[in-house]
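Enquirer: Here it is, the structure, as structure tokens.
Number of protein chains: 2
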Amino acid sequence: MCELLGMSASVPTDISFSFSGLIRRGGETGPHKDGWGIAFYDGKGCRTFHDPVASAESPLATFIADYAIKSEIVISHIRRANRGRVALENTHPFIREMWGRYWCFAHNGQLSGVKTLPLSAYRPVGTTDSEHAFCWMLSQLRARWDKMPTDRQLHAAIAEMAASLSRHGVFNMLLSDSRSLFCHRGTHLVWITRRAPFRAATLLDEDVTVDFAKHTSPSDVVTIVATRPLTGDETWSPLPKGALVAFRDGQMHER
Amino acid sequence: MCELLGMSASVPTDISFSFSGLIRRGGETGPHKDGWGIAFYDGKGCRTFHDPVASAESPLATFIADYAIKSEIVISHIRRANRGRVALENTHPFIREMWGRYWCFAHNGQLSGVKTLPLSAYRPVGTTDSEHAFCWMLSQLRARWDKMPTDRQLHAAIAEMAASLSRHGVFNMLLSDSRSLFCHRGTHLVWITRRAPFRAATLLDEDVTVDFAKHTSPSDVVTIVATRPLTGDETWSPLPKGALVAFRDGQMHER
């Protein structure tokens with residue numbers, strides 16, 4: 005299995021605090037030591053960082069945690085390999101361009117028989133079931149629409165495909181098109197929205213406390229999604245099981 | 005204008021020495037201060053690092069120069085913006101998946117009227133003429149072949165498109181499909197192949213000397229391609245003008 009971390013924020017926000025906690029679970033407080041990756045959107049741009057080594061021992065992970073890249077949408081993943089060997093090409097998140105936007109995807113779970121799903125416009129480079137599922141979703145979307153459909157159409161199509169993939173096994177997913185953070189909880193995915201009045205919070209995996217009031221403006225809204233809670237003194241809620249939830253600008257996005 | 009740096013090597017090799025010299029030209033010994041990027045192939049995997057700031061002042065660039073990622077193929081670019089604003093999405097190298105492989109592209113020069121070239125399977129996310137040219141090339145290749153053609157067919161098709169793009173202006177290009185490093189010199193592109201007996205070399209942009217004999221095995225072959233020579237005590241040769249040259253495993257690849 006693996007662990008996921010996602011963020012949707014109303015203003016460019018750095019995810020250093022949450023990411024610092026997550027990377028401890030990659031070989032130190034957790035067994036997810038087979039690589040890690042993180043994607044930061046900056047408007048339409050997206051930059052990813054991947055390292056096929058344990059995040060708790062990766063100098064690059066420590067550097068990124070300190071570099072404090074500000075972003076409106078972040079997707080991160082620490083991997084414990086089950087399908088597909090430990091290799092750079094099997095390290096999430098995966099990224100593709102569709103309709104002139106970067107799409108980014110990370111998955112937790114195992115999907116049986118997913119590699120029989122047909123592909124057209126997008127093909128995997130590595131050998132994971134996850135990347136195949138991502139390429140199948142994009143191939144389906146691209147075959148259906150030559151340009152970005154409406155929010156409602158897009159949400160419905162992704163929800164339908166996520167439900168379909170869930171029938172192959174465990175499908176916890178984070179996906180973004182540079183505007184929305186789409187989340188699907190198969191088994192494990194919790195979330196929290198931080199907004200004024202901001203308080204302090206302490207990581208579960210590291211003895212670090214941050215007072216968000218010192219790092220935010222009163223109008224900021226920041227939602228964090230993760231496989232398991234990252235802090236012990238805040239209330240994380242499970243996402244609705246089997247439903248697709250989209251966050252935009254830090255808030256749950258009503259279609 | 006911008007500067008390019010590429011590497012093709014017979015064994016995973018770190019490009020720290022050359023990259024350290026290049027990044028000085030991004031705001032210190034050269035004016036290319038509008039962002040930088042680098043892509044490292046590791047087998048079929050490819051990871052890229054982008055920062056839309058001057059490389060000479062980028063802590064990420066310094067980190068990457070020290071991190072000594074070993075790779076068989078590297079493409080790097082420092083940018084001086086002329087078409088397209090300074091933004092993450094306009095920072096080279098650009099990357100796309102085609103035929104189950106990652107394709108990576110960086111360009112130096114300006115291309116007039118290139119945005120009228122038709123696109124199909126691939127579309128730009130940013131606003132540079134470079135990314136449009138890349139998406140046009142991939143769209144053409146993808147429309148022609150549904151899977152990887154022969155080396156000879158691929159080389160001929162890319163050569164033809166590079167010649168066509170050159171008619172729009174200055175087209176110095178580095179491109180890779182994870183196997184070959186394709187180079188097209190419009191105006192400026194020099195190369196050097198290092199092989200046994202290895203010697204020492206000194207950077208032009210920084211007072212750094214490396215003795216390659218200490219960092220290599222006798223069978224290693226490493227080719228470096230750059231806009232301008234990076235060292236002052238080696239003989240760099242211009243690539244043939246207007247021709248497409250491919251390097252594989254460090255050596256010029258005869259089709």
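The listed protein sequences correspond, in order, to chains L and X.
5 is the number of the first residue of the first sequence in this note's numbering; add one for each residue after it.
5 is the number of the first residue of the second sequence in this note's numbering; add one for each residue after it.
All residues carry an ideal CB built from backbone N, CA and C; glycine is no exception.
1) State the start and end residues of the unbroken beta strand (DSSP E) segment that holds Tyr45/X.
2) Please list the partners that Pro63/L has in chain X, where partner means a Cβ-to-Cβ separation under 7 Å.
3) What in chain L is Cβ-close to Asp46/X, meaning under 7 Å?
4) Residues in the same chain with beta-carbon distance under 6 Å from Ser116/L, minus the five sequence neighbours each way, listed in chain order, please.
5) Which residues in chain X sit within 7 Å of Val57/L, going by Cβ to Cβ distance?
6) In the DSSP assignment, find the unbroken beta strand (DSSP E) run with Pro16/L in it and report its ends.
7) Would you mind sorting Ala200/X into buried or exposed? The rule is 16 or more other CB atoms within 10 Å of its CB.
8) The ligand ZN and Thr191/X: does any heavy atom of the ligand fall closer than 8 Å to the residue's C-beta?
9) Taking Ile19/L and Thr52/L to be in contact with their CB atoms under 8 Å, please state how far apart those CB atoms are, rounded to whole angstroms.
10) I'd like to confirm the pairing. Which residues does DSSP put opposite His192/X in its beta bridges?
11) Would you grab the beta carbon distance between His96/X and Val118/X for me? Rounded to a whole angstrom, and I think it's under 8 Å.
12) Please compile the residues from chain X whose C-beta is within a distance smaller than 8 Å of the C-beta of Ala125/L.
13) On the three-state DSSP scale, how would you describe Glu93/L?
14) If we define contact as Cβ-Cβ less than 9 Å, is Pro128/L a contact residue for chain X?
15) Listed from N- to C-terminal order along the chain, which residues in the stretch 141-164 of chain L have their beta-carbon within a distance smaller than 8 Å of any beta-carbon of chain X?
16) Shorter than 9 Å from the beta carbon of Gly88/L to some beta carbon of chain X?
17) Can you look up Trp240/L in the DSSP assignment and give me helix, strand or coil?
18) Tell me the DSSP secondary structure of Leu26/L in three-state form.
19) Of the residues His192/L, Ala58/L, Arg127/L, Ser221/L, which one's Cα is nearest the Cα of Arg146/L?
20) Considering only C-alpha positions, which residue in the set Thr120/X, Gly246/X, Cys6/X is nearest to Thr36/X?
21) Please classify Ala247/L: is it buried, with 16 or more other beta-carbons within 10 angstroms of its beta-carbon, or exposed?
22) To test your reading of the DSSP string, which unbroken alpha helix (DSSP H) runs of 4 or more residues are found completely within the stretch 43-81 of chain X?
23) For a test of the three-state rule: what should DSSP assign to Gln144/X, helix, strand or coil?
24) Taking only three categories from DSSP, how would you classify Val249/X?
25) Applying a beta-carbon distance threshold of less than 7 Å, which residues of chain L neighbour Phe67/X?
26) Could you work out which residues of chain L lie near Gly49/X, taking near to mean beta carbons separated by less than 9 Å?
27) Skipping 5 residues on each side, what residues in its chain have a beta carbon closer than 7 Å to that of Gly30/X?
28) Consider the Cβ of Ile79/L: report whether some Cβ of chain X lies at a distance smaller than 9 Å.
29) Please list the partners that Trp103/L has in chain X, where partner means a Cβ-to-Cβ separation under 9 Å.
30) Could you list which residues in chain X have their beta carbon closer than 9 Å to that of Arg100/L, in chain order?
31) If Ser182/L and Tyr45/L are in contact, beta carbons under 8 Å, what's the gap, nearest whole angstrom?
32) Alpha carbon to alpha carbon, how far is Gly190/L from Asn176/L?
33) So, do the stretch 107-116 of chain L and the stretch 60-75 of chain L have three or more beta carbon pairs nearer to each other than 8 Å?
34) Quick check: the stretch 201-208 of chain X against the stretch 142-159 of chain X, are there 3 or more CB pairs under 8 Å?
35) Which ranges does the beta strand (DSSP E) cover as unbroken runs of at least 3 residues, wholly within the stretch 105-154 of chain L, from first to last along the chain?
Expert: Reading it off the structure:
1) DSSP places Tyr45/X in the uninterrupted beta strand (DSSP E) bounded by 40-46.
2) By Cβ distance, chain X contributes Tyr71.
3) Residues of chain L passing the Cβ test: Leu92.
4) Within the same chain, Ser116/L has close Cβ partners His172, Gly173.
5) Those within 7 Å of Val57/L in chain X number zero; the least Cβ separation is about 11 Å.
6) If you look at Pro16/L, you'll find it in the beta strand (DSSP E) that goes 6-18.
7) With a 10 Å radius around the Cβ and a threshold of 16 neighbouring Cβ atoms, Ala200/X comes out exposed.
8) Questions concerning the ligand ZN fall outside what the structure shown contains, since it holds no ligand whatsoever.
9) Not quite, the Cβ-Cβ distance comes to about 14 Å (not below 8 Å), so this is no contact.
10) Within the DSSP secondary-structure output, His192/X pairs in no beta bridge.
11) Contact between His96/X and Val118/X does not hold, since their C-beta atoms are separated by about 15 Å, which reaches or exceeds 8 Å.
12) Here the neighbours are Ala125.
13) Judged by DSSP in its simplified three-state form, Glu93/L adopts helix.
14) It does; some Cβ of chain X falls within 9 Å.
15) If the cut-off is 8 Å between Cβ atoms, the stretch 141-164 of chain L has nothing near chain X.
16) By this cut-off, Gly88/L is not an interface position.
17) DSSP places Trp240/L in coil when its eight states are reduced to three.
18) Leu26/L falls in the helix class under three-state DSSP.
19) Out of His192/L, Ala58/L, Arg127/L, Ser221/L, Arg127/L has the C-alpha closest to the C-alpha of Arg146/L.
20) Reading off the sequence shown, one finds His at residue 36/X, where the question assumed Thr. Looking at Thr120/X, Gly246/X, Cys6/X, the one whose alpha-carbon comes closest to that of His36/X is Cys6/X.
21) Counting the other CB atoms within 10 Å of its CB gives Ala247/L a total below 16, which places it among the exposed residues.
22) Taking only runs of at least 4 residues, the alpha helix (DSSP H) segments lying wholly in the stretch 43-81 of chain X are 63-71.
23) Correct three-state label for Gln144/X: helix.
24) Residue state, collapsed to three classes: strand.
25) Ordered by position in chain L, the residues that pass the 7 Å Cβ test against Phe67/X are Phe67.
26) Going along chain L in sequence order, the residues near Gly49/X (Cβ under 9 Å) are His54, Pro56, Ala91, Leu92, Glu93, Asn94, Thr95, Val129, Gly130.
27) If you ignore the 5 residues before and after Gly30/X, its C-beta comes within less than 7 Å of the C-beta of His36, Lys37, Trp40, Ala58, Ser59, Ala60, Ile82, all in its own chain and listed in chain order.
28) Answer no: the Cβ-Cβ gap between Ile79/L and chain X never drops below 9 Å.
29) Contact of Trp103/L with chain X by beta-carbon distance below 9 Å involves Arg127.
30) The contacting residues are Arg100, Glu101.
31) 5 Å between Cβ atoms; contact.
32) Rounded to the nearest angstrom, the two C-alpha atoms are 5 Å apart.
33) The stretch 107-116 of chain L, when compared against the stretch 60-75 of chain L, does not touch it at the 8 Å Cβ threshold.
34) Not touching, per the Cβ criterion.
35) Counting only runs of 3 or more, we get 105-112.
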